[in-house]
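Only one structure is covered here, and it is reproduced in the block below.
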Amino acid sequence: MLRMTPLASAIVALLLGIEAYAAEETFDTHFMIGGMKDQQVANIRLDDNQPLPGQYDIDIYVNKQWRGKYEIIVKTTRKKHVYQEKLSSG
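Mature numbering (1 follows the signal peptide of the UniProt record, and there is no 0) puts the sequence shown at residues -22 to -1, 1 to 68.
Structure (structure tokens):
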């Protein structure tokens, strides 16, 4: 009958304990302002973390201070997504 050495026991315990430290990625919907604030985003999955093609208006806040409004346009070409951004004055 095979016996597990103390070193092998320590390695197994270490490998089993590593999974306990792994955290699942989540998105805090409290950062969302406006029309999408109450929508569930947990079931939205994108291939290769790429946004869907379209136009997105984004307000940037740093320490609760508004820093600017950006319009980001995502276009799809044959090979990749193309991002364009425009700074808006208001």
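Glycine is no exception: its CB is placed at the ideal position from the N, C-alpha and C atoms.
Every value quoted in this text rests on a predicted model; they were computed, and no experiment measured them.
- A straight line joining the alpha-carbon of W44 with that of K53 spans about 27 Å.
- CA-to-CA, the gap between Y48 and N41 works out to about 18 Å.
- Counted as a single uninterrupted DSSP element, the beta strand (DSSP E) harbouring K47 occupies residues Q43 to T54.
- Put simply, of R(-20), G46 and M(-19) the residue whose alpha carbon is nearest the alpha carbon of I38 is G46.
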